[in-house]
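Since the structure comes first, as structure tokens, the remarks are kept for the end.
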Amino acid sequence: MNIRKVQQVITGQATTDGAGVELVRVIGQPALMDLDPFLLLDAFRSDDPDDYIAGFPPHPHRGFETVTYLLNGRMRHQDNAGNEGVIEPGGIQWMTAGKGIVHSEMPEQQDGMLEGFQLWINLPGSHKMTTPSYQEHDAAHIPTESRDDTVIKVISGKTSQGTSGPVSQPLTDPLYLDVSLQPDTAFNEDIAADHNAFLYVIDGELMLEDTSTTQLSLGRDQLAVLGQGDAIALRSGGRATRFLLVSGKPLNEPVARGGPFVMNTQAEIRQAFSDYQRGNF
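FYI, in my numbering the residues of the sequence shown are 9 to 289.
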């Protein structure tokens with residue numbers, strides 16, 4: 009095994025999005041603009057309704073996929089393709105915006121904790137104008153794998169022990185795991201050697217090595233960009249720890265951004281704005 013080391017540690021930046029939702033931007037900020045094929049990672053966690061109640065009213069997307077994973081609370085999705093559903097704790101919504109979609113994500117609660125993530129995954133240029141599609145899977149349909157003092161929720165991809173998530177996307181072949189470890193527990197997992205990968209600590213502490221082979225402690229709400237290799241080896245600290253392990257196949261294509269659109273060229277971004285303004289989504 010060629011064990012991946014921590015290449016960079018990122019702390020998210022507080023920001024607002026939608027109609028004023030308070031969140032932390034981890035990927036998509038100056039310290040880490042992207043990690044091909046991942047364009048953005050936002051984390052939100054609050055029990056103050058003023059931080060989230062305004063939600064994300066109708067807005068357009070083109071050229072990539074949005075993945076919303078909810079840990080606590082309820083969020084209703086609607087789009088102009090006729091899709092509608094409510095994400096509940098442990099549920100996932102995977103939307104392929106493709107050539108263009110207008111959707112909204114609004115909290116279905118007046119108080120209590122709302123916690124989760126939104127991840128943007130790029131599409132290759134040959135598929136940016138594909139027909140939009142939508143998948144939703146509740147917690148009961150996300151497979152769970154148990155290994156001694158470890159529990160793994162498999163959202164997409166396949167673990168080294170053969171558990172597969174409900175979402176398959178061969179274009180970027182994403183692995184998306186939600187891993188819970190008991191205190192002082194070792195965790196080892198294979199990662200495709202040609203993937204880019206990161207860890208995000210939801211709670212607790214992870215111990216692993218950086219590229220200089222120094223033992224590193226990674227804490228709550230920190231993201232670690234992993235270097236090259238085909239496996240990961242780490243250990244939890246002195247208390248229960250939960251983290252995301254995400255990897256994907258890089259596209260190695262130019263990235264042109266324009267607000268809610270991600271294409272390969274600025275001309276394509278201008279066309280996206282024109283199409284949206286003309287009602288062609």
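For every residue, glycine included, the Cβ atom is placed at its ideal position computed from N, Cα and C.
Residue burial classification, residue i (beta-carbon count within 10 angstroms, cutoff 16)
{"i": "Pro140", "result": "buried"}
{"i": "His203", "result": "buried"}
{"i": "Arg247", "result": "exposed"}
{"i": "Asp186", "result": "buried"}
{"i": "Ala205", "result": "buried"}
{"i": "Thr273", "result": "exposed"}
{"i": "Ala105", "result": "buried"}
{"i": "Pro178", "result": "exposed"}
{"i": "Thr221", "result": "exposed"}
{"i": "Thr180", "result": "buried"}
{"i": "Gly267", "result": "exposed"}
{"i": "Ser172", "result": "exposed"}
C-alpha distance - residue i paired with residue j, whole-angstrom precision
{"i": "Thr138", "j": "Pro132", "result": "10 Å"}
{"i": "Leu253", "j": "Gly287", "result": "38 Å"}
{"i": "Asp59", "j": "Gly28", "result": "7 Å"}
{"i": "Met9", "j": "Pro66", "result": "46 Å"}
{"i": "Leu48", "j": "Leu40", "result": "9 Å"}
{"i": "Gly63", "j": "His85", "result": "11 Å"}
{"i": "Gly170", "j": "Arg155", "result": "12 Å"}
{"i": "Asp50", "j": "Ala239", "result": "25 Å"}
{"i": "Val34", "j": "Ala200", "result": "23 Å"}
{"i": "Val209", "j": "Val270", "result": "27 Å"}
{"i": "Gln279", "j": "Gln37", "result": "25 Å"}
{"i": "Thr158", "j": "Asp87", "result": "37 Å"}
{"i": "Gln16", "j": "Ser255", "result": "15 Å"}
{"i": "Leu31", "j": "Asp229", "result": "12 Å"}
{"i": "Phe125", "j": "Asp146", "result": "15 Å"}
{"i": "Ala275", "j": "Phe281", "result": "10 Å"}
Which listed residue (the options) has its alpha carbon closest to that of residue i
{"i": "Pro258", "options": "Leu183, Phe289, Phe125", "result": "Leu183"}
{"i": "Gly90", "options": "Gly26, Val110, Val270", "result": "Val110"}
{"i": "Ser134", "options": "Gly227, Arg12, Gly71, Gln190", "result": "Gly71"}
{"i": "Asp283", "options": "Gln126, Ala241, Pro68, Val175", "result": "Pro68"}
{"i": "Ile100", "options": "Pro174, Leu40, Leu226, Val34", "result": "Pro174"}
{"i": "His149", "options": "Lys13, Phe206, Glu96, Ala241", "result": "Glu96"}
{"i": "Glu144", "options": "Ala239, Gln177, Gly108, Trp102", "result": "Trp102"}
{"i": "Leu127", "options": "Val75, Arg278, Ser112", "result": "Val75"}
{"i": "Gln223", "options": "Gly212, Leu242, Asp229", "result": "Leu242"}
{"i": "Ile129", "options": "Pro191, Pro45, Glu276, Val32", "result": "Pro45"}
{"i": "Thr249", "options": "Ser188, Gly266, Gly26", "result": "Ser188"}
{"i": "Lys13", "options": "Ser225, Thr167, Asp146", "result": "Ser225"}
{"i": "Glu153", "options": "Lys161, Ala147, Asp146", "result": "Lys161"}
{"i": "Thr167", "options": "Phe281, Ala275, Ala264, Glu197", "result": "Glu197"}
{"i": "Leu43", "options": "Phe281, Glu113, Val263", "result": "Val263"}
Range covered by the beta strand (DSSP E) that runs through residue i
{"i": "Arg278", "result": "Run containing Arg278: none in the beta strand (DSSP E); it sits in the alpha helix (DSSP H), 274 to 285."}
{"i": "His85", "result": "83 to 87"}
{"i": "Leu131", "result": "First-last for Leu131: undefined, no H or E at that position."}
{"i": "Lys161", "result": "158 to 164"}
{"i": "Met271", "result": "269 to 271"}
{"i": "Gln117", "result": "That residue, Gln117, is in no beta strand (DSSP E); it is neither H nor E in DSSP."}
{"i": "Gln177", "result": "No beta strand (DSSP E) holds Gln177; DSSP gives it neither H nor E."}
{"i": "Leu43", "result": "Element bounds for Leu43: n/a, residue is neither H nor E."}
{"i": "Phe206", "result": "204 to 211"}
{"i": "His190", "result": "In the sequence as presented, His is not what sits at residue 190; that position holds Gln. Looking at the DSSP string, Gln190 is not in any beta strand (DSSP E), and its letter there is neither H nor E."}
{"i": "Thr24", "result": "21 to 25"}
{"i": "Glu153", "result": "152 to 155"}
Closer than 6 Å: residue i CB and nearest the ligand COA heavy atom
{"i": "Thr180", "result": "By its list of ligands, the structure shown contains no ligand whatsoever, and the ligand COA lies outside what it can speak to."}
TODO: Determine contact between the segment 212 to 222 and the segment 234 to 242, defined as no fewer than three beta-carbon pairs at a distance below 8 Å.
DONE: Contact check between the segment 212 to 222 and the segment 234 to 242: three or more CB pairs, one atom from each, fall below 8 Å, which counts as touching.
TODO: Could you tell me whether the segment 66 to 81 touches the segment 114 to 124, using the rule of 3 or more Cβ pairs below 8 Å?
DONE: Of all C-beta pairs linking the segment 66 to 81 to the segment 114 to 124, three or more are shorter than 8 Å, placing the two stretches in contact.
Task: Touch test, the segment 49 to 64 against the segment 258 to 269, Cβ-Cβ under 8 Å, three pairs minimum - done: The segment 49 to 64 vs the segment 258 to 269: no contact.
Task: Validate contact between the segment 89 to 106 and the segment 20 to 30 using beta carbons, cut 8 Å, 3 pairs - done: Taking 8 Å as the limit for Cβ pairs, the verdict is that the segment 20 to 30 does not touch the segment 89 to 106.
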